[in-house]
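What follows is one structure encoded as C-alpha cells, with my remarks underneath.
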Ligand SMILES: *Cc1c(COP(=O)(O)O)cnc(C)c1O
C-alpha cells in the first residue's frame, strides 16, 4: 500500500462505525461530509466565504446517534425478552445550544426521548417545547422559583425531581404533581477522568444513611419516589466498570423496593464513552462498543424478577460528533531552532557515523548531556549564543535523520528496536519541527483540551492524498502558553504499509507503528504552500465544548456552518455568525 486515501483514513482515524458514516476523503484528497448521496467538500465551505475557521454542525449526525442508541437498546430488549420500557433522556449539560435542542426535540417523538436538566436556565430552555408528556428528570440544587417553574410545566411534561438532601425534601413536599427521584451515590469508582463522580465522598446524591434520615421525617417520599438515579461519571472507558455500576444499581433497586418504595425507573446516568481517539485503551476511547454497553445494562436488569423501565441519560455520545471545528493555519515558525545539517561539530559527526540504533542512542545521549550543560550557563555574547542555538538545532536534526536512515536500511526490526527502549533516539523521532499558528482559541473552541487534557482528532481538510510533510504543534491566538494543541494518536493494524510511509516526507518523523498505539506530541501536517489556504479540523467537538467555552483574550464567538436536510431530503447549508470573521486573522 502506498500513501493515498486509504492510508490517510487510517492515520487520521476517519474510520470506525461513527465517523465512517458521515466523513470521508474524496479523490482529490479533501475531507468531505457525506449526507445520503451528497458529498460536501468542507474546504470549499470555508474558502468560499473567506472564513478564518468555523464550527461546522452536521445536524443529521445527532439524529443518526439517537437512532443508533435506540436501535441497540431495542435489539438487547428483544434478545433478553426485556419487559420494562425504554426511556431515553438527553442531558442539556452536554450541549444546550438552541439548534442542538431543536434537532433533538424534532427527532424525539418516535422514541419518546425526554430530557434531563440541572439548572433554572436549562429548564427555561425547554419551556418552548410542547412536552408531550415526555420524561423531564431534574437534578442539581433547587429553589422555590425552580419548583414553581416545574409546577407550571408539569401539565405538559412527566417531571421527576431528584431529592439529594433535606432541603430538596422540604422544597418538594406538597408539590404532588412532581414525581420524586432518589439520586443515590455510586459506591463503585468509575474509571477515567471523571472517576471522582463516584464514591461516598462524591459531590452528588444521597448515601443510604442520609436517605433513611430523610424519609424518617418525610414519609411521603416513599409513595412519590418513582426513579432511582445513579450517575458514575462521564466517559467511563472500561466495560467492567459499567457492569459493576449496573449491578450496584440493581441491588439498590431491590433494596428500595423491599423498603416499600415503588421505583419504576432506573436511570444509570451518563458515562457511555465516545471514541475520540483510535487507541481503544485510554481515557479518550472506550474498550467497548455501544452494543456491548447496552447489552451489559439490559442483561443485568433482565435478571431481576420485575424489569424496571430503563432510562438512558447519555449526552456526550449523542452530540460529540455533530460539531467539527475547522481552523485556518495562518503562520508557521520553527518549533525550536530549525536549521540544516552541516558545520563542523564533533558531536554531530559522531551521531551521523553511528552504525546501529544502540550506538546512535549512546551518541545522542552524549550530545544531549553536553547541550544541557551548555544551556545551564547562558552564553556571554551573541556570537556564542548563535553557536549554541545552531548546535542545539543541528543535534536534534542529526539524531532524527540518522534514526530514519538506520530504520530505512534495517527495516521493521530496527524500527521496533528504536521505539522500544532507546529513549534518546525515540524522543527525536517524534519531536515536532514546526509550530503552526491557527486562527482560533483553544480556550473558547476546544476548552476541554485545557480543562481535562481532552484528545480531539485532528485532520487536514485538504491534501490527504499527500503524505504529511512534518510534525508540528498547533498554536492558537491567545497569549497563553496553554493555548497549544500537541497530541496525535495513531493505531494501525495493517502490516502492508511501506516503511517510508510511516514517516513524514520532509522532516522524517515517525507517524505510526503497525500493531501499536503511538501517542505523538505533535500532529502530522503539510506545510502550507505560498498563498495556499490550509485548513485543519478538530473532530467531535460537539459535546461540552459549546457550554464550557471561555472568553480568553476576548475571543469567543466563531463563524458557524450548519449542514442539515430539508423536508424533501435535500441538503441545506446555512452560515451563521460570519461577521465574526473580522475578529480572527486571515
Ligand atoms: C453529566 C451527566 C450526564 C451525561 O453524561 P455523559 O457522560 O455526557 O453522557 C447524565 N446524567 C447526569 C446526572 C450527569 O451529571
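In this note's numbering, the protein residues as written are 147 to 732. A virtual CB, placed ideally from N, CA and C, is assigned to each residue, including glycine.
* Inter-residue Cα distance where the pair is residue 537 and residue 186 -> Rounded to whole angstroms, residue 537 to residue 186 spans 48 Å at the Cα level.
* To do: Write down the C-beta distance between residue 369 and residue 410 rounded to the nearest angstrom, noting that I regard them as a contact closer than 8 Å.
  => Between residue 410 and residue 369 the Cβ distance is about 12 Å, and since that is not below 8 Å, they are no contact.
* Helix or strand or just coil, what does DSSP make of residue 481? -> coil
* Could you pull out every residue in the same chain whose Cβ sits closer than 8 Å to the Cβ of residue 673, ignoring the five residues on either side in sequence? => 478, 580, 615, 616, 652
* Asked: Closest to residue 165 by CA distance: which of 476, 427, 211, 505 is it?
  -> 211
* To do: Could you spell out where the alpha helix (DSSP H) holding residue 590 opens and where it closes?
  => First-last of the alpha helix (DSSP H) with residue 590: 588-591.
* residue 262: beta carbon under 7 Å from a heavy atom of ligand 1? -> yes
* To do: Can you grab the Cα-Cα spacing for the pair residue 723 / residue 239, in whole Å?
  => 23 Å
* Asked: At a cut-off of 7 Å, is residue 461 close to ligand 1 when judged by its beta-carbon and the heavy atoms of the ligand?
  -> yes
* Please indicate yes or no: does the CB of residue 735 lie closer than 7 Å to some heavy atom of ligand 1? => Any question about residue 735 goes unanswered here, given that the chain covers just 147 to 732.
* To do: May I have the straight-line CA-CA distance separating residue 357 from residue 344, to the nearest angstrom?
  => 17 Å
* Asked: So which of 315, 225, 262 has the shortest CA-CA distance to residue 458?
  -> If we check each option's Cα against that of residue 458, 262 comes out closest.
* **Extent of the continuous alpha helix (DSSP H) to which residue 225 belongs** => Annotation for residue 225: the continuous alpha helix (DSSP H) segment containing it runs 205-226.
* Best match in 384, 153, 541 for proximity to residue 340 [C-alpha to C-alpha] -> 384
* How big is the Cα-Cα spacing for residue 571 and residue 176? -> 34 Å
* Asked: Should residue 282 be listed as close to ligand 1, given that the test is whether its C-beta is under 7 Å from any heavy atom?
  -> no
* Within 7 Å: the Cβ of residue 377 and any heavy atom of ligand 1? -> yes
* Taking residue 173 as the reference, which of 609, 681, 682, 675 has the closest Cα? -> Answer by Cα proximity: 609.
* Compute the minimum distance between the beta carbon of residue 500 and the heavy atoms of ligand 1, and state whether it is under 7 Å. => no
* What is the C-beta distance between residue 351 and residue 330, in whole angstroms, given that I count them as a contact (C-beta under 8 Å)? -> Between residue 330 and residue 351 the Cβ distance is about 5 Å, and since that is below 8 Å, they are a contact.
* To do: Identify, in the order they occur along the chain, each residue of the same chain with its Cβ nearer than 7 Å to the Cβ of residue 271, setting aside the five sequence neighbours on each side.
  => Taken in chain order, the residues that qualify are 238, 242, 247.
* Closer than 7 Å: residue 339 CB and nearest ligand 1 heavy atom -> no
* **Exposed unless 16 or more other CB atoms sit within 10 angstroms - verdict on residue 324** => buried
* CA-to-CA distance, residue 266 to residue 460, given in whole angstroms -> Taking the straight line from one Cα to the other gives about 20 Å.
* Asked: Within 7 Å: the Cβ of residue 385 and any heavy atom of ligand 1?
  -> no
* Asked: Cβ-heavy atom distance between residue 373 and ligand 1 below 7 Å?
  -> Residue 373 has its CB no nearer than 7 Å to any heavy atom of ligand 1.
* Going along the chain, which unbroken runs of the alpha helix (DSSP H) with 4 or more residues stay wholly within the segment 385-410? -> 385-404
* Taking buried to mean at least 16 other C-beta atoms within 10 Å of its own C-beta, is residue 244 buried or exposed? -> Exposed, since its Cβ has fewer than 16 Cβ neighbours within 10 Å.
* To do: State buried or exposed for residue 627, treating a residue as buried only when at least 16 other CB atoms are found within 10 Å of its CB.
  => exposed
* Kindly examine ligand 1 and report whether one of its heavy atoms sits closer than 7 Å to the Cβ of residue 272. => no
* With a threshold of 7 Å, establish whether the CB of residue 608 neighbours any heavy atom of ligand 1. => no
* Could you give the uninterrupted runs of the alpha helix (DSSP H) lying entirely in the segment 673-708, keeping only those of 4 residues or more? -> 691-694
* To do: Mind checking which residues open and close the beta strand (DSSP E) that includes residue 730?
  => Residue 730 -> no beta strand (DSSP E), and no H or E assigned at all.
* Asked: Who are the near neighbours of residue 613 in its chain, counting only those whose CB is closer than 6 Å to its CB and skipping five residues on each side?
  -> Here the set comprises 149, 651.
* Asked: What separation, rounded to the nearest whole angstrom, lies between the Cα atoms of residue 605 and residue 711?
  -> 25 Å
* For the segment 426-484, which segments carrying the alpha helix (DSSP H) assignment without a break, of at least 4 residues, lie completely within its bounds, in sequence order? -> Counting whole runs of 4 or more residues, the segment 426-484 contains the alpha helix (DSSP H) stretches 436-448, 462-465.
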